[in-house]
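Below: the structure, in structure tokens.
Number of protein chains: 2
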Amino acid sequence: MATERPDKLRVFSLNCWGIRFFSQLCTQRYEMIGELLDREQHDIALLQEVWSERDFLFLKKKLSSSYPHTHYFKSGVIGSGLAVFSRHRIQDALLYQYSLNGYPYMLRHGDWFGGKAVGLVIVDILGLKAHVYVTHLHAEYSRAQDEYLPHRIVQSWELLQFVRHTSCGADVVVLGGDLNMHPQDLGNRLLRSHTGLRDCYTETDTFDGCEDGHTLIANNHFTKKQDLIPFEKGIRIDYILMKGSQRVNMKCESLSTTKGSVADKPFPYSDHEALTAELALLRSEDSKQHGSGNTPAVSEQMDVVTEACAVVKEGLCQTEALRDKAMRLTFSGLLLLLLPLVMAFLPCSCSCSFSTVGLLGAVCISLLLSGALLYLLFTSHIKVLKETEDQMMLTSNDLQTKLTGCRLSGSSSSNGSPELQPRSPFKREE
Amino acid sequence: MATERPDKLRVFSLNCWGIRFFSQLCTQRYEMIGELLDREQHDIALLQEVWSERDFLFLKKKLSSSYPHTHYFKSGVIGSGLAVFSRHRIQDALLYQYSLNGYPYMLRHGDWFGGKAVGLVIVDILGLKAHVYVTHLHAEYSRAQDEYLPHRIVQSWELLQFVRHTSCGADVVVLGGDLNMHPQDLGNRLLRSHTGLRDCYTETDTFDGCEDGHTLIANNHFTKKQDLIPFEKGIRIDYILMKGSQRVNMKCESLSTTKGSVADKPFPYSDHEALTAELALLRSEDSKQHGSGNTPAVSEQMDVVTEACAVVKEGLCQTEALRDKAMRLTFSGLLLLLLPLVMAFLPCSCSCSFSTVGLLGAVCISLLLSGALLYLLFTSHIKVLKETEDQMMLTSNDLQTKLTGCRLSGSSSSNGSPELQPRSPFKREE
Chain A
-12 MATERPDKLR
-2 VFSLNCWGIR
8 FFSQLCTQRY
18 EMIGELLDRE
28 QHDIALLQEV
38 WSERDFLFLK
48 KKLSSSYPHT
58 HYFKSGVIGS
68 GLAVFSRHRI
78 QDALLYQYSL
88 NGYPYMLRHG
98 DWFGGKAVGL
108 VIVDILGLKA
118 HVYVTHLHAE
128 YSRAQDEYLP
138 HRIVQSWELL
148 QFVRHTSCGA
158 DVVVLGGDLN
168 MHPQDLGNRL
178 LRSHTGLRDC
188 YTETDTFDGC
198 EDGHTLIANN
208 HFTKKQDLIP
218 FEKGIRIDYI
228 LMKGSQRVNM
238 KCESLSTTKG
248 SVADKPFPYS
258 DHEALTAELA
268 LLRSEDSKQH
278 GSGNTPAVSE
288 QMDVVTEACA
298 VVKEGLCQTE
308 ALRDKAMRLT
318 FSGLLLLLLP
328 LVMAFLPCSC
338 SCSFSTVGLL
348 GAVCISLLLS
358 GALLYLLFTS
368 HIKVLKETED
378 QMMLTSNDLQ
388 TKLTGCRLSG
398 SSSSNGSPEL
408 QPRSPFKREE
Chain X
-12 MATERPDKLR
-2 VFSLNCWGIR
8 FFSQLCTQRY
18 EMIGELLDRE
28 QHDIALLQEV
38 WSERDFLFLK
48 KKLSSSYPHT
58 HYFKSGVIGS
68 GLAVFSRHRI
78 QDALLYQYSL
88 NGYPYMLRHG
98 DWFGGKAVGL
108 VIVDILGLKA
118 HVYVTHLHAE
128 YSRAQDEYLP
138 HRIVQSWELL
148 QFVRHTSCGA
158 DVVVLGGDLN
168 MHPQDLGNRL
178 LRSHTGLRDC
188 YTETDTFDGC
198 EDGHTLIANN
208 HFTKKQDLIP
218 FEKGIRIDYI
228 LMKGSQRVNM
238 KCESLSTTKG
248 SVADKPFPYS
258 DHEALTAELA
268 LLRSEDSKQH
278 GSGNTPAVSE
288 QMDVVTEACA
298 VVKEGLCQTE
308 ALRDKAMRLT
318 FSGLLLLLLP
328 LVMAFLPCSC
338 SCSFSTVGLL
348 GAVCISLLLS
358 GALLYLLFTS
368 HIKVLKETED
378 QMMLTSNDLQ
388 TKLTGCRLSG
398 SSSSNGSPEL
408 QPRSPFKREE
């Protein structure tokens, strides 16, 4: 007979909006976040956008007794912004930096400079092996014309692949962070359907927080109202997801969010709302009946991966066009570079000033270098998009095999007979 | 009672030296490699340095009946060069591109442009779940003054972390590729000791191949003899590693290498020798006594991770010095850029020609752009080195806990008492 002993796990997640010299009242807000964490004594706190290591070290020092175990994930130029504070011992950490993450020349967006990633910490919680993931995906700057959609889909794919392949030995799996996607957005459906992770907001027994679980709300002092249009009430882009295992069944007993203003404080913790989930862990000697068996239907997985593959294909076409433009830019720079050289051999009769020729030389070199660098950048982006497409096709073929029920048996597959391969729902032209 | 039914798995690995327009006799050699693979009918062939997708597609077409399942891993600017040909169905694929891989300005080495990575394919072999990894690490251009050592150590660390965390559900684990490390090099010891992977060369019952298992030999038509100094006879840098599981015990029955020249052909397959391993898979209903229990002693793991951490620390110092130089270069460019501007406001009495001023402008912009880009590059390298150091410290702490036997129990760790933490053998100053 199964013996179940419920334990509790309190998880916190917050995008701290910690861009030094840009985010408002950064120092004061970190002070407030530190106080909140210290008071609440969660088991694990997952923070995003802790862009400055100094801020992380401030929190680490402040929370040294309440959260003795920490990991700050470092990647990209600025960092990943991801930090974990834990009451339980962190045994191991692993980082996967997303292969696509915007463009370096989009300075006003700046996502490229933060090496957006998913971080994994393996934590020993009450004798259970918990795999805790923290992540932050590329922002959506325009919902109507979202030029970063293929990047976010690739990130969602890499995230789900990373979770799928690194969570196999875990008793419990928790993922928290700012996914920058609405609940029913493609990347979100892709992630949930292919990992079996369940959304605490939709699963919770009790909820206390903003309407519809919004984590970006109009009622937040720091929110720019125009960023929310056409979702005036707010949007939900921050999540805590969870998954049990054969040993442990997981249940979200309560979920809460902050609601903009903070009692006795003149401003909120961040421009995002914080999430706190209270998860019940029901151990069982034989819990196969609960398990992680909430994996969605194969047909649903098929549909969503097909949809995602179409977005990746479109991203591929766009990036190929960008690469062609970069090539033209390089050639223009090369041709223009001949101009000052030609002028050097002409009699000095033209009316160009020194500064004009100097400027011309500078412009030519800038064009040439920029063109060449952009060409390299887009070429590597194309590689990533093609790799993602190939992986999606493999998954789709595998699902197709499951669907048609003609899974190759060990002995029949070993003869390598191609006619035994399942028919893929989509094939790339070569 | 255990029931054991031995199955066989034949694995092939070759660095194909496939740099179009540079590697000698590329087309003819791919023809030969195709013939060899077709004839030998391995279960899985792991190829490296298949830099051109056209060459991959040539092999794919040629081997469509003997190896119906393939995956070509795409990353970086040129690609990863990694390809898998399999007789068995590939269910899933995953790619991890190494975070450090040389420098883009080292054009004559060129590793940076190939997105060096580890690729994983999950293959259904006779009803067993095989996790098959293929990889290629950064080359060693000078053993005496190896400026890439920290990069290769970071790659070894990322490789072992990737294998450790993605192989948990596997029945059998195989890793093949060009590690660019001698058998007793630090990165190699690190990989073996922390994954439990065993070297087929040292484990095999029978061996037929070059002396000491060398895969770069003087007796190869394409080998530059000076590259081997001081190892005139040859070096062993290509490997097939393996690991069983609780369900399957693995044994290398035979290992062979090519020996330079090929019968009836005027030249070898590549400048590397190919490896073929015949692995016996002994299934058992209760094989815990074999299992993957060959994990090296904790003290050995501790020693090797401490040694690796010292290399990473040294790499960190070197990279910080490089970043400082890049910063100085940027400022020099900025200062020099003022010169043509100043000249524009001076009376036109100096004797500089148009082309001189043009050249000056171009040089300034080049300096400024190069300095800024190098600064970004080295800053991101520093982030990677610090992240690796942190992960190594976590592992070291975890091993220390195991060594001292004071593993925190679930209930005592939950109070978060810092004094219960094991003392780390090394701590980073903050």
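Those protein sequences? They're chains A and X, same order as listed.
Sequential numbering from -12 applies to the first sequence in our numbering.
Sequential numbering from -12 applies to the second sequence in our numbering.
Every residue gets a Cβ at the ideal spot worked out from N, C-alpha and C, and that includes glycine.
| Query | Result |
| --- | --- |
| At least three beta-carbon pairs within less than 8 Å, the segment 79 to 96 of chain X to the segment 365 to 378 of chain X | yes |
| Start-to-end residues for the alpha helix (DSSP H) that takes in LEU178 of chain A | 173 to 182 |
| Segment limits, beta strand (DSSP E) that includes GLN35 of chain A | 31 to 35 |
| Continuous alpha helix (DSSP H) assignments of at least 4 residues falling wholly in the segment 105 to 138 of chain A | none |
| For PHE45 of chain X: DSSP bridge partner residues | Beta-bridge pairing links PHE45 of chain X to no other residue. |
| Chain A contact residues for HIS58 of chain X, given Cβ-Cβ distances below 9 Å | ASP377, GLN378, LEU381 |
| Proximity below 9 Å, CB of MET379 of chain A to CB of VAL299 of chain A | yes |
| For LEU136 of chain X and LEU178 of chain X, the rounded distance between their alpha carbons | 15 Å |
| Helix, strand or coil at THR14 of chain A according to DSSP, with G and I counted as helix | helix |
| Contact set for ARG234 of chain A: own chain, Cβ-Cβ below 6 Å, skip 5 residues either direction | ASP158 |
| CB contact below 9 Å: THR90 of chain X versus chain A | In the sequence as displayed, the identity of residue 90 of chain X is Tyr instead of Thr. Not an interface residue. |
| Backbone CA spacing between ARG(-8) of chain A and VAL292 of chain A [nearest angstrom] | Residue placement at ARG(-8) of chain A cannot be trusted, given a pLDDT of 49 that sits under 50; the coordinates are not used to answer. |
| Proximity of THR193 of chain A and GLU260 of chain A at Cβ, strictly below 9 Å | no |
| 9 Å Cβ cutoff, ASP385 of chain X in contact with chain A | yes |
| DSSP state of ASN236 of chain A mapped onto helix, strand, coil | strand |
| Under the three-state DSSP convention, the category HIS208 of chain A falls into | coil |
| Three-state secondary structure (DSSP) of TYR83 of chain A | strand |
| Spatial distance of ASN2 of chain X from LEU203 of chain X (CA atoms) | 10 Å |
| Any C-beta of chain A under 9 Å from that of ALA264 of chain X | no |
| Nearest-angstrom Cα separation, counted from ARG151 of chain A out to LEU82 of chain X | 13 Å |
| C-alpha distance - LEU107 of chain A paired with ALA80 of chain A, whole-angstrom precision | 5 Å |
| heavy atom of the ligand ZN below 8 Å from CYS296 of chain A C-beta | By its list of ligands, the structure shown contains no ligand whatsoever, and the ligand ZN lies outside what it can speak to. |
| Local conformation of GLU265 of chain X per DSSP, three classes | strand |
| Interface residues of the segment 361 to 372 of chain A facing chain X [CB-CB below 8 Å] | LEU363, THR366, SER367, LYS370, VAL371 |
| 9 Å Cβ cutoff, TYR83 of chain A in contact with chain X | yes |
| Residue-level contact to chain A via CB, VAL121 of chain X, 9 Å cutoff | no |
| Pick from X:GLU190, X:GLU198, X:HIS118 that is closest to LEU162 of chain X, judged by C-alpha positions | X:HIS118 |
| Beta carbon proximity, HIS152 of chain A to chain X, threshold 9 Å | yes |
| ALA157 of chain X, DSSP secondary structure in three states | coil |
| Buried versus exposed, by CB contacts within 10 Å (16 or more), PRO55 of chain X | buried |
| Option nearest ARG16 of chain X by Cα separation, candidates X:LYS252, X:TYR226, X:LEU166 | X:LYS252 |
| THR244 of chain X, buried or exposed, once every other Cβ within 10 Å from all chains shown has been counted against 16 | buried |
| Sequence-distant residues of its chain with Cβ nearer than 7 Å to GLY156 of chain X (five each side left out) | LYS116 |
| Cβ of ASP273 of chain X within 9 Å of any chain A Cβ | Reliability fails at ASP273 of chain X, whose pLDDT of 48 lies under 50, so the model's placement of it is uncertain and the value that follows must be treated cautiously. False, the Cβ-Cβ gap to chain A never drops below 9 Å. |
| Top-ranked residue by Cα proximity to VAL(-2) of chain A, from A:GLN132, A:ALA32, A:ALA297 | A:ALA32 |
| Terminal residues of the beta strand (DSSP E) in which TYR59 of chain X lies | 56 to 59 |
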